[in-house]
Structure formats: C-alpha cells, structure tokens
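Beneath this line is the structure, given in structure tokens, with notes to follow.
Number of protein chains: 2
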Amino acid sequence: MYPYSAPLNEMRFLLDKVFKAPAIWQRLPQLAETVDLDTAMAILEEAAKLNRDIVQPINRAGDEQGVRFEDGTVITPDGYKEAYQAFMEGGWVGFCGDPEFGGMGMPKMLGVLVDEMGYSVCNAFNLYSSLTAGAALALNAHGSDELKDLYLPKLYSGEWAGAMDMTEPQAGSDLRGVRTRAEPQDDGSFLISGSKIFITGGDQDLTSNVVHLVLAKLAGSQSLSLFLVPKLKVNDDGSLGENNGVSVGSIEHKMGLKGSATCVMNFDNARGFLIGEADRGLACMFTMMNYERLAIGIQGLGSAQAASQLATDYAKERLQGLAATGSNAAADPILVHGDVRRMLLTIRSLTEAGRALAVDAGMQLDLAKFSEDEAERAKAARFVGLLTPVAKAFLTDRGLDACIMAQQVFGGAGYIRETGIEQFVRDTRIAQIYEGTNGIQAIDFLGRKVTGDNLATLNEFIAELKAELAALAPEWQDKAGELLALLDELIASAGNINEAKREQPALINSVAVDYLDAFGFSLYGYYWIKMAALAQEEADASFAQQKAAFCRFYLEKLLPRARWHLSQVNAGAGCVMETGAELF
Amino acid sequence: MYPYSAPLNEMRFLLDKVFKAPAIWQRLPQLAETVDLDTAMAILEEAAKLNRDIVQPINRAGDEQGVRFEDGTVITPDGYKEAYQAFMEGGWVGFCGDPEFGGMGMPKMLGVLVDEMGYSVCNAFNLYSSLTAGAALALNAHGSDELKDLYLPKLYSGEWAGAMDMTEPQAGSDLRGVRTRAEPQDDGSFLISGSKIFITGGDQDLTSNVVHLVLAKLAGSQSLSLFLVPKLKVNDDGSLGENNGVSVGSIEHKMGLKGSATCVMNFDNARGFLIGEADRGLACMFTMMNYERLAIGIQGLGSAQAASQLATDYAKERLQGLAATGSNAAADPILVHGDVRRMLLTIRSLTEAGRALAVDAGMQLDLAKFSEDEAERAKAARFVGLLTPVAKAFLTDRGLDACIMAQQVFGGAGYIRETGIEQFVRDTRIAQIYEGTNGIQAIDFLGRKVTGDNLATLNEFIAELKAELAALAPEWQDKAGELLALLDELIASAGNINEAKREQPALINSVAVDYLDAFGFSLYGYYWIKMAALAQEEADASFAQQKAAFCRFYLEKLLPRARWHLSQVNAGAGCVMETGAELF
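Chains H and U, in that order, give the protein sequences. This note's numbering runs 218 ahead of the 1-based position in the first sequence. This note's numbering runs 218 ahead of the 1-based position in the second sequence.
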C-alpha cells in the first residue's frame with residue numbers, strides 16, 4: 219500500500235449507480251446547489267490525494283513514537299501538527315457541518331467515503347477530527363444559539379477540537395454510576411467537578427482549545443445532564459482566556475492507536491454550560507454517539523480497505539510455490555494459490571459490501587436531515603436507527619477479520635512491525651469496544667430497534683430490500699433464493715424473540731450478537747446481488763466481471779454463515795442462562 | 219489472573235478418566251516405572267507453582283522491555299535469566315527427553331499439560347525451551363551416536379539451547395528456494411554459508427551455546443540436507459571453543475512475543491555436521507517440525523486458558539449494569555449478562571475441548587513411541603499424522619479467538635496494556651503463522667493426511683470416535699445425533715474431494731482450511747460429549763454439572779458452525795479459482 223490508492227471507482231459506482239445519489243441530491247433543495255456527481259468525485263480525488271500524500275506518511279512513525287505526556291501536556295507524534303494543519307485548511311473538519319456556522323454542508327453519503335479514506339491511512343490521526351465533528355453535531359442539535367455562535371465556527375474550522383466525556387472507572391456501559399457533579403451558578407452556568415477516563419483526544423497539541431461535552435449529574439438528580447466545558451475559557455468575543463480547571467491526569471498505554479491521546483480528564487470546578495435540557499443529557503449525547511457510532515464503523519471499513527489493498531498487492535508480488543494447475547516459473551505469485559485467493563476474496567467481498575452499508579447509512583442520514591417530505595424523513599430516521607448499531611458492530615467486526623486475514627496472507631512478514639498490517643490489527647481492535655461495545659450495539663439493535671416497535675421497522679426495511687431485489691434483471695433475482703429465505707427467517711426469528719422476551723428477560727441479551735451477525739451477513743448478500751447486477755450495466759467489462767465474481771464468492775461461501783448465527787439465535791438463552799454462576 | 223491458577227482438576231480428569239492414562243502407562247514398559255497418576259499430579263502441581271511464582275512475574279515486564287540487540291549480542295529482558303535458571307534446574311527442558319542422555323523420559327500426554335502452563339503465563343519465555351526440546355528430538359531420531367553423545371545431554375539439561383533454521387527471505391512456505399550452501403570437508407564435516415531469517419531463539423543470553431539445526435543444500439543438489447551447527451565450537455570433551463562463524467545480523471521488531479528473540483542468522487563457513495542422510499534433510503526436520511507444530515498448538519491452548527481465566531475472573535469482579543432478570547444491587551457482576559456469559563462459555567468450551575485434543579495428540583505420540591505392539595504403534599503414528607496439523611491450526615485459531623473474545627469481556631480496559639489480555643492477543647497471533655501457516659497445515663491435513671491414503675486413516679479414526687460414543691451411557695449417545703451426521707458428512711465430503719482432486723488440482727488448496735475447521739468443530743463435539751458423560755461419574759457434583767452445562771452450550775451453539783465450514787467445502791473451488799488474476 220505504498221502509496222495508498224483510494225477505491226475511487228467503487229466509490230463512484232456506489233454513489234452513482236447503486237444508491238443513485240445524484241438524483242437524491244438533485245431533489246433535496248439544501249443539497250442541489252452544494253453537490254453533484256462531478257463535484258463529489260473531484261472532492262473524493264482531493265481527499266484521496268491529501269490522505270495519500272500528507273496523512274499516510276505519519277502513520278507508521280506515529281505508531282512507533284506514540285503520544286507523549288510531559289509536564290501535564292499531551293504531545294502528538296512528529297508530523298501530526300503539519301498534517302492537521304493541512305487537513306484543517308482543506309475544510310475537512312466541517313465537511314458535513316452546518317453552513318450557517320461555517321460548515322461545508324456536504325451530504326453524509328459523501329462524508330462516509332472521505333472518512334473511510336482517513337481510516338485507511340491512519341486510524342489514530344483521523345480520530346481527532348472525527349470527535350470534533352461529532353461534538354459539533356450534538357451542539358448544533360441541542361445547544362443554545364449563544365453557544366452555537368461562539369463555538370461552532372471554531373469547531374467546524376478545526377481551530378478547536380471536540381471531545382466526548384462519558385466514561386468513569388465505575389461507569390462504562392452503564393452510565394447510571396456517573397459521579398461527576400454539576401453545581402448551578404447564578405449566571406446560569408455550572409461548575410463541573412469529577413474525573414473521566416478513556417477520553418479520546420481529551421487533549422493534544424493540534425488545536426488551541428478543546429471543547430469537552432461532559433455528562434454529569436446535578437445535585438439531587440440521578441439523571442445525566444450534558445455540559446459544554448472548554449479546556450480554556452472562551453471570552454464573549456471568541457478569544458481565549460485562562461485555563462478552566464480542566465487538566466489531563468494521565469494518558470493510557472494501549473495496544474494500538476498510539477498516536478491518539480486517550481486521556482484521564484480531571485474537572486475541578488470547571489465552568490460548564492448546559493446543552494439541551496437538564497436531566498436529558500443522555501438523549502443529547504446520543505446525537506453525538508450515533509454520529510460517532512457510524513464513524514467508528516467507518517474506522518473498521520477503512521482498516522479493512524487498507525488490509526485489502528496491502529494483502530492484494532503483496533499476493534501479486536510475493537513469489538512462493540507453484541500453481542497447483544502447473545507452472546513453468548521458478549516460483550509463482552502467491553495469488554495463484556486457492557487458499558490465498560479464498561482469503562483475498564473474503565476480505566474484498568466483505569469490504570466492498572461494507573462500503574455499501576456505510577453509504578446506505580449515510581444516505582438514510584441525509585434523507586432524515588434534508589428531505590422535505592415528512593414521511594420520508596421519518597422513515598429514513600427509523601432506518602438510521604436500525605442501521606447504526608449494525609454499521610458500528612458489523613463493520614468493525616468484519617474490519618478486524620479483514621486485518622487478521624490480510625496479516626495471514628503476509629505469512630511471517632505480517633507479524634513484523636515494519637510491514638504495517640499488524641498495526642491495522644492493533645489500531646482497529648478498539649473499534650469493536652469503544653463507542654458502546656459491539657455487544658451493546660447488538661442489544662440496542664435487537665432490543666430497541668428490531669423488537670422495540672414489534673418489528674415494524676424491520677418489516678418495513680426488509681420489504682424494501684425485497685422490492686429492490688424484485689426490480690433487478692431476472693437472472694440476478696434467481697440468485698436471491700437463499701437470501702430471501704434468510705430474510706424471512708430473520709423476521710420469523712425476531713417475531714419469536716419478541717413474543718418470548720417478557721417471559722425470558724435475559725433472552726435478548728443472550729442472542730443479540732448472533733442476531734446482529736445473521737442480519738449483517740444477510741444484508742451483505744443483498745448488497746452483493748444489487749451491486750453485481752447493476753455493475754453489468756457499466757461500460758468497463760472487467761469491472762462488471764469482478765463484481766459478478768465477488769458476488770458469486772460471497773453467496774457461495776459467506777452468506778451461509780448467516781445460518782450458523784441464526785441457529786445460535788434459535789437455540790435461545792437456555793444454555794447461556796441456566797448455567798449457575800458458581801459453575802463459571 | 220493474579221496469580222495464575224492452573225486447571226489441575228481438568229487436567230487430572232482428562233488424564234485419569236477421559237484418556238485413561240494410568241492404564242496406558244501401566245502397560246507400556248518404558249513408562250510403567252516412570253509415572254503413575256499420583257506422580258503425574260505431583261509433577262503438574264510443581265509445574266504450576268514454578269510457572270506461577272517464577273515465570274508469570276516476568277511476562278508483562280518482558281513485553282514492555284523486550285529483547286535488545288547490542289553490539290551483535292542478544293539480551294533478554296530482566297528476569298529471564300533467573301527464571302530460565304530455575305526452569306533448567308527443575309529438569310523441565312528435558313521433560314520428555316530420552317533418559318539415555320539425561321532426559322526425564324516423561325510421556326507426552328503429561329508434557330502437553332506442562333507446556334500449556336508455560337504458555338499460559340509467558341508465551342515468549344516458553345519458546346526458548348520448546349525449540350531446544352524439538353531440536354533434541356530431531357537429533358535423537360536422526361543424529362549419529364557421536365553427535366548424540368556430545369550434544370543431547372547439554373540440550374536436555376538446558377545448558378545449551380536449540381534453534382531451527384529453515385526460512386530465508388525467498389524461501390518460506392516453499393523451501394525449494396533455500397540458498398544456504400554446505401561444502402563437504404575432508405574430515406566428514408561441512409562448511410555452512412548463508413543467511414536465515416525469522417529464527418526464534420537464534421541467540422540469547424540464557425545458555426552458553428546455541429545448537430542450530432540448519433537446512434542447506436550440498437553443491438550440485440536441489441535437495442535439502444540437515445546440519446547441526448553450533449554457535450560456539452564444541453571440543454570432543456564437550457567444552458566450548460571459539461565462535462563457529464555463526465552470528466546474529468539483527469532481530470525483528472514484532473507485534474508481540476517481544477521477550478523472544480527472532481533473529482536473522484548469518485553462517486559464514488560455519489562448521490556443521492550432517493544429521494541423517496544427505497538430501498533427506500526435510501524428512502529429518504519434519505521430526506522437529508511435527509513436535510514443534512504440536513507445541514505451537516499448545517501455545518494457542520495456553521493463551522486460551524490464560525484468556526479464560528482472565529475473563530472469568532474479571533466477569534465475576536466487575537460491577538456494571540443490572541441483571542435482566544431483576545436485581546436489588548446497585549450494580550451486578552457482568553457475569554449476569556447473557557452476552558458476557560455467551561462469550562465466557564464460548565472461550566471455556568473451546569479451551570477445554572482444546573485441552574482434550576492436545577492430550578489426545580500426546581497420547582497418540584506416546585503410543586507411537588512406547589507401545590510394544592507394532593500394529594498399535596503404526597495406528598498411533600497414523601493418528602498422530604492426522605491430528606498434528608489439526609492441533610497446530612485449530613488450537614491456534616481458537617486460541618486467538620479466545621483471546622480476542624476475552625479482551626471484549628474487559629471492555630475498554632481490555633485495550634490497555636497494563637490489563638494484560640491484549641498482550642496475549644499479540645503474543646499468540648504468531649502461532650497461526652509460524653511453523654507452517656495454518657493454511658499450510660490445512661493443505662497437509664486434507665491433501666496428505668485425509669485424501670493421501672484415500673481416506674483410510676480418516677475412516678479408521680472416525681470409526682474409533684463412533685465406537686467410543688457407542689460405549690457411553692444411552693442419554694449421552696442421544697446427544698450425538700448431529701455429531702454423527704457431521705462425521706458422516708466429513709467422510710462423504712472428503713470422498714468427493716478425493717475423486718475430484720485429479721481433475722481439479724487446485725481444489726484441495728481452495729477448500730482445505732474450511733475442511734480442517736469442519737473437522738475441528740466436529741471433533742470438539744466428540745470430546746465434549748465424552749467429557750460430559752464421563753464427568754457424571756465424578757464425586758464432585760458441581761464438576762459434573764459444569765461439564766454438562768459446557769457440553770450443552772457447545773452442542774447447541776458452536777457445533778453448528780461445522781455446517782458453515784462444510785458448506786464452504788462443498789461449494790468447491792469454482793468461485794475461488796475461476797476469478798481471473800486480473801480481477802484482483
């Protein structure tokens with residue numbers, strides 16, 4: 219992967235043909251003036267260039283050097299400052315931000331692709347701006363006009379960064395235990411005191427200020443409220459004042475993401491400002507979390523794409539062994555070997571379907587935000603809700619799979635740091651854990667999104683998949699038999715769970731991960747049939763052949779995995795919950 | 219896992235009840251005097267103590283500090299020397315070694331359990347002695363009496379270490395490309411010149427000499443011969459002479475195993491001695507490789523056991539969230555959550571079945587070596603051949619799965635270095651790669667062991683599994699329906715491959731990994747039914763209940779995965795091989 223080569227053809231195909239973005243953009247007034255396919259592709263080419271030329275070069279060295287913590291100050295690895303400067307000057311931090319406050323107002327369909335590129339070249343670097351974008355989104359949705367006027371332009375420009383302060387040692391997946399306190403002051407502000415851990419980008423030396431969104435409790439309340447707490451005080455004119463009682467206690471030593479500062483944050487009577495209503499902080503934070511959950515899914519996708527490119531390049535270059543079908547060479551590229559091909563086809567078919575999922579989720583976000591049709595907005599919001607936990611969990615699980623499999627393609631070289639692939643394994647591993655573990659995502663998916671409305675959204679979504687499949691050319695519909703059976707079984711299985719969930723309160727928690735996996739592997743089957751069918755209309759014959767070949771591999775080899783997950787779902791919670799705690 | 223607590227109950231149960239080791243040892247003359255169950259358990263307790271008190275403490279610090287390379291010398295992390303001294307003085311290096319040369323002559327059934335403990339506390343440290351034991355085995359099997367007299371006692375005592383020098387930059391999985399040369403000398407010795415890479419324990423500061431087993435080519439030959447090449451020359455009286463032209467070029471910077479030196483070795487007219495016949499070096503090396511392959515499988519098992527203990531302990535201690543079934547606590551241990559239980563039951567059921575596989579392979583090695591019945595020896599040798607690639611690949615694949623899943627149980631803490639579980643992920647990852655990648659193992663399994671003799675050994679082995687199942691109490695036989703169906707399908711599928719392999723030369727390479735996985739998941743089903751059935755005879759009711767519960771989980775949730783792998787096997791090579799190389 220030297221240099222990074224962005225999958226621009228695949229991106230254009232998804233936008234133009236699979237999800238018909240130009241038509242969507244055209245009919246949405248806020249986007250019609252902003253972007254068309256040519257603009258989109260020019261933007262993607264620019265992003266590809268920036269990531270290749272400016273960001274990729276800092277990835278390996280940043281992993282070796284890591285973030286340092288000296289005299290209370292976080293120092294990012296060499297080159298991060300320069301790369302951030304270029305990134306910021308390109309306007310990428312506010313790419314999908316609100317134009318009213320200086321954002322570029324770009325659609326998320328495009329944003330996910332720009333994000334993918336960033337994560338393909340450097341997981342650690344990309345996180346800094348990702349959190350800023352998420353914080354800006356939450357502030358824009360729930361903040362007062364004063365706060366928005368003062369903070370949003372600096373966040374969108376990248377001059378200041380955002381951070382998300384939720385976790386405490388005793389409050390991780392379960393935030394009820396948060397102990398950070400907020401005391402109301404006469405001027406309407408609050409004094410925040412407490413400690414937060416695992417704060418990505420809690421501090422750094424890239425931006426002049428860090429804007430923390432902090433979950434804390436008001437005296438006497440067990441509910442959480444959300445506060446904006448700047449590292450440095452901000453004067454009314456936007457200029458920076460003294461330190462606001464915000465300090466870094468330490469930084470974590472981690473398996474990977476070594477260029478990203480993971481901070482213990484201490485708030486000592488730090489001045490904060492309420493975002494949204496008191497005691498409704500979790501709902502506000504979810505605006506940021508949902509954004510971040512999709513972004514973290516894209517971390518998995520970007521890493522998978524890097525793995526795909528690294529392993530494919532290596533398999534074409536590395537000479538070892540002879541083709542089983544015969545060869546006159548001294549040694550053939552390992553691409554000739556069936557097992558190497560199996561690994562590459564697995565990585566690539568999962569990655570390309572993953573990109574379709576990311577763009578699909580981005581499209582639903584755009585429709586939910588920009589559509590003028592209230593029913594369309596509402597439906598898209600339902601689909602965003604359904605797809606967000608799947609995108610977060612399934613893209614990151616398959617992202618790690620892809621990196622580990624790519625490392626296997628490299629053989630012994632894959633274990634050596636200089637080769638680079640092992641860094642992606644380490645860097646992307648966290649994506650399955652943070653922003654709500656993938657187990658939490660699955661429980662959200664099955665418990666809230668699928669059974670929470672008695673399968674209404676699931677049925678609506680699957681009906682749409684079936685309608686899309688029915689619109690394809692007949693020879694492609696013929697390939698969808700097993701997929702259609704799986705979609706019906708997903709509904710049947712969810713129906714059984716929905717009926718049983720009251721009598722078996724632990725059922726959803728016990729089978730959720732497998733249900734999400736069964737859904738994910740089925741959904742990828744849908745994307746593949748659709749992509750392969752539509753690719754046949756492309757002028758480039760080899761593009762069409764490639765998508766047909768990848769689709770065939772996916773349907774024959776990987777789609778059947780959905781059945782194993784469904785069998786685990788249908789086996790229920792008995793064997794999980796009836797084992798006495800003393801037997802563990 | 220502070221401190222490490224060895225699974226002695228499980229080990230005793232496997233030896234005594236599942237594999238009936240005492241009866242086997244009693245009837246094999248060379249073992250009857252050496253070991254009985256009481257001795258075995260005393261030895262395991264001693265090994266547990268040593269690993270807990272002496273080896274475990276160096277694991278984390280050794281990962282942080284790593285091996286250093288200064289002025290051509292390899293320096294192991296602090297504490298390695300002292301730990302090695304204790305390990306050596308306990309006689310553990312020559313534990314299964316030939317008593318004629320100072321080995322302890324212990325059965326491999328016991329050896330695998332001692333090895334497991336070592337890998338549960340420190341992957342990197344344990345490798346040094348593992349390579350020595352393997353080198354001694356190959357030397358004992360193929361070396362001249364002079365070489366054996368001179369080298370074996372020092373290897374078994376641990377005073378000198380062994381290393382295995384095969385790989386070169388252009389010769390990894392395919393050793394035809396080896397360029398290291400051997401020139402015959404008048405005195406019957408050879409001068410060896412060339413470079414080898416990825417040499418585990420190529421040098422260190424733990425032993426006074428390193429004995430390299432080097433694959434090289436004689437002038438004019440394309441075949442490989444095996445040579446013993448000591449780092450320091452050895453005088454006839456066993457005293458050490460000057461350097462033998464053996465030097466370390468550099469050490470690798472790796473994802474993990476940082477306490478283990480992975481060396482580039484340079485041989486510059488180094489004096490070597492032929493082991494076995496000229497041009498038959500690969501066959502001799504395979505004695506060592508088969509030993510190492512099982513040992514590396516045990517690396518996966520030991521890591522899985524560490525993961526199991528770490529995750530279980532954490533799940534009992536960590537308070538977060540409330541039980542879905544209701545709770546009056548402020549927060550419950552996360553063990554109450556269905557998804558956490560699912561992960562723990564997955565880790566534990568895979569690890570305990572993995573231990574059964576390791577002991578089974580050890581038993582077959584013992585029978586092949588010690589039985590006085592030629593037919594029994596031959597059959598056991600066939601079963602060793604069949605089980606070795608499965609033990610190497612399946613134990614290491616499931617080992618990584620277990621470590622990653624355990625890391626997930628920890629949530630965010632699992633990504634932090636101090637927690638320790640992430641080190642096991644990094645350390646054990648290499649086990650899927652070295653000693654022949656797991657892809658190579660699978661091709662060996664399906665191509666040589668399963669179809670190589672037209673399924674004769676596979677049929678024989680599966681018939682034995684069925685006979686063992688038929689001897690169980692009826693209620694346990696009733697649970698074996700799906701397993702028996704899978705065993706028949708494994709035979710049918712292998713039969714189809716065997717018939718098609720000539721017309722489809724790439725078939726075996728394309729489906730081998732899935733065939734091995736289908737076999738492995740089925741075999742674990744067999745072990746679980748057998749273990750659970752026999753556990754019912756134990757006096758400890760909770761032990762019996764636990765094994766029944768783990769067995770139930772395995773059969774309901776994990777055994778069905780074999781069907782997915784079989785479906786991939788049966789989908790064949792078409793979708794893998796018919797994709798043109800230009801489409802990648």
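Don't be surprised by glycine CBs; every beta carbon is placed ideally from N, CA and C.
Element boundaries [alpha helix (DSSP H), containing phenylalanine 663 of chain H]: Numbered from 1 along the first sequence, position 445 holds the residue referred to as residue 663 of chain H. Counting along the chain, phenylalanine 663 of chain H falls outside any alpha helix (DSSP H), and DSSP gives it neither H nor E.
C-alpha distance - methionine 384 of chain H paired with leucine 365 of chain H, whole-angstrom precision: Counting from 1 along the first sequence, the entry for residue 384 of chain H is found at position 166. Counting from 1 along the first sequence, the entry for residue 365 of chain H is found at position 147. Methionine 384 of chain H and leucine 365 of chain H: Cα-Cα distance of roughly 20 Å.
Cross-chain neighbours of aspartate 392 of chain U in chain H, by beta carbon under 7 Å: Here residue 392 of chain U refers to the residue found at position 174 when the second sequence is read from its first residue. The answer, in chain order, is Gln538, Gly539 and Ala549.
Chain H contacts from the segment 464-477 of chain U (Cβ-Cβ distance under 9 Å): Glu470, His471, Lys472, Met473, Gly474 and Leu475
Counterpart residues of threonine 480 of chain U in DSSP-defined beta bridges: Mapped onto the second sequence, residue 480 of chain U falls at position 262. U:Thr418.
Residues of the segment 554-579 of chain H whose Cβ lies closer than 7 Å to any Cβ of chain U, in chain order: His555, Gly556, Asp557, Arg559, Arg560, Leu562 and Leu563
Proximity winner among U:Asp254, U:Gln764, U:Phe588 and U:Arg511, relative to aspartate 333 of chain U (alpha-carbon distances): Counting from 1 along the second sequence, the entry for residue 333 of chain U is found at position 115. The candidate whose alpha carbon is nearest that of aspartate 333 of chain U is U:Arg511.
Below-8 Å beta-carbon distance, cysteine 793 of chain U vs any chain H residue: Translated into positions along the second sequence, residue 793 of chain U becomes position 575. Yes, its Cβ sits closer than 8 Å to a Cβ of chain H.
Minimum Cβ-Cβ distance from glycine 629 of chain U to chain H less than 8 Å: Mapped onto the second sequence, residue 629 of chain U falls at position 411. Yes, glycine 629 of chain U counts as interfacial toward chain H.
At least 3 beta-carbon pairs within less than 8 Å: the segment 235-252 of chain H vs the segment 580-589 of chain H: yes
The beta strand (DSSP E) enclosing leucine 393 of chain U, as first and last residue numbers: Translated into the one-based positions of the second sequence, residue 393 of chain U becomes position 175. Here leucine 393 of chain U belongs to no beta strand (DSSP E), and DSSP marks it neither H nor E.
Residue-level contact to chain U via CB, lysine 451 of chain H, 8 Å cutoff: Residue numbering aside, residue 451 of chain H sits at position 233 when the first sequence is read from its first letter. No, lysine 451 of chain H does not count as interfacial toward chain U.
Through-space distance from glycine 654 of chain U to asparagine 727 of chain H, alpha-carbon basis: For the purposes of this step, residue 727 of chain H is taken as the residue at position 509 of the first sequence. For the purposes of this step, residue 654 of chain U is taken as the residue at position 436 of the second sequence. So the alpha carbons of these two residues sit roughly 39 Å apart.
Reduced DSSP category for asparagine 487 of chain H - H, G, I as helix; E, B as strand; rest coil: Taking the first sequence and counting its residues from 1, the one referred to as residue 487 of chain H is at position 269. Strand.
Contacts of arginine 215 of chain U in chain H (Cβ-Cβ under 7 Å): No statement about residue 215 of chain U is possible, as the shown extent of chain U runs from 219 to 802 and does not include it.
Identity of the residue in H:Thr398, H:Gln722, H:Asp423 and H:Lys326 nearest phenylalanine 343 of chain H by Cα: In the first sequence, the residue the question calls residue 343 of chain H occupies position 125. Nearest of H:Thr398, H:Gln722, H:Asp423 and H:Lys326 to phenylalanine 343 of chain H, Cα basis: H:Asp423.
CB of phenylalanine 237 of chain H within 8 Å of CB of methionine 327 of chain H, strictly: Residue mapping note: residue 237 of chain H aligns to position 19 of the first sequence, counting from 1. Residue mapping note: residue 327 of chain H aligns to position 109 of the first sequence, counting from 1. Taking 8 Å as the Cβ cut-off, phenylalanine 237 of chain H and methionine 327 of chain H qualify as a contacting pair.
Element boundaries [alpha helix (DSSP H), containing lysine 765 of chain H]: Locating residue 765 of chain H in the first sequence gives position 547, counting from the first residue. Here the alpha helix (DSSP H) through lysine 765 of chain H covers 759-771.
Per-residue contacts from phenylalanine 416 of chain U into chain H (C-beta, under 7 Å): Your numbering for residue 416 of chain U matches position 198 in the second sequence. The contacting residues are Gly630.
Contact check, leucine 605 of chain U vs glutamine 626 of chain U, beta carbons under 8 Å: Within the second sequence, the letter at position 387 stands for residue 605 of chain U. Within the second sequence, the letter at position 408 stands for residue 626 of chain U. No, Cβ-Cβ distance for leucine 605 of chain U and glutamine 626 of chain U is not below 8 Å.
Same chain, Cβ closer than 6 Å to leucine 500 of chain H, neighbours up to 5 away in sequence not counted: Here residue 500 of chain H is taken as the residue at index 282 of the first sequence, counted from 1. Here the set comprises Leu442.
Strand pairing of valine 447 of chain U, partner residues [DSSP]: Translated into the one-based positions of the second sequence, residue 447 of chain U becomes position 229. U:His430, per the DSSP bridge assignment.
8 Å Cβ cutoff met for arginine 399 of chain U and lysine 435 of chain U: In the second sequence, the residue the question calls residue 399 of chain U occupies position 181. In the second sequence, the residue the question calls residue 435 of chain U occupies position 217. Their beta carbons are under 8 Å apart, which means arginine 399 of chain U touches lysine 435 of chain U by this criterion.
Per-residue contacts from tyrosine 652 of chain U into chain H (C-beta, under 7 Å): In the second sequence, counting from the first residue as 1, residue 652 of chain U sits at position 434. Gly630, listed in chain order.
CB of leucine 433 of chain U within 8 Å of CB of leucine 393 of chain U, strictly: Reading the second sequence from its first residue, position 215 is the one you call residue 433 of chain U. Reading the second sequence from its first residue, position 175 is the one you call residue 393 of chain U. The answer is yes: Cβ separation under 8 Å.
Segment contact, 8 Å Cβ cut-off, at least three pairs: the segment 649-666 of chain H with the segment 598-614 of chain H: yes
Through-space distance from lysine 414 of chain H to lysine 194 of chain H, alpha-carbon basis: For residue 194 of chain H there is no data in the structure shown, the boundaries of chain H being 219 and 802.
Interface flag, asparagine 716 of chain U vs chain H, CB-CB below 8 Å: Here residue 716 of chain U corresponds to residue number 498 of the second sequence, with the count starting at 1. Taking Cβ atoms only, chain H never reaches closer than 8 Å to asparagine 716 of chain U, which makes this a no.
Under 7 Å (Cβ pairs) to chain U, residues found in the segment 724-755 of chain H: Ala724, Asn727, Ser728, Ala730 and Val731
Alanine 549 of chain H and leucine 537 of chain H closer than 8 Å at C-beta: Taking the first sequence and counting its residues from 1, the one referred to as residue 549 of chain H is at position 331. Taking the first sequence and counting its residues from 1, the one referred to as residue 537 of chain H is at position 319. Result yes, Cβ atoms of alanine 549 of chain H and leucine 537 of chain H sit closer than 8 Å.
Alpha helix (DSSP H) runs contained entirely in the segment 661-731 of chain H, provided each spans 4 or more residues: 674-688, 692-695 and 699-718
Serine 347 of chain U, DSSP secondary structure in three states: Indexing the second sequence from 1 puts residue 347 of chain U at position 129. Correct three-state label for serine 347 of chain U: helix.
Residues of the segment 496-511 of chain H whose Cβ lies closer than 9 Å to any Cβ of chain U, in chain order: none
Reduced DSSP category for asparagine 462 of chain H - H, G, I as helix; E, B as strand; rest coil: Locating residue 462 of chain H in the first sequence gives position 244, counting from the first residue. Of the three classes helix, strand and coil, the one that applies to asparagine 462 of chain H here is coil, per DSSP.
Selection from H:Trp746, H:Thr291 and H:Ser426 that minimises the alpha carbon distance to glycine 376 of chain H: As a first step, residue 376 of chain H must be located in the first sequence, where it is residue number 158. The residue with the shortest Cα to Cα distance from glycine 376 of chain H is H:Ser426.
Under the three-state DSSP convention, the category proline 275 of chain H falls into: Start at 1 with the first residue of the first sequence, and residue 275 of chain H comes out as number 57. Residue state, collapsed to three classes: helix.
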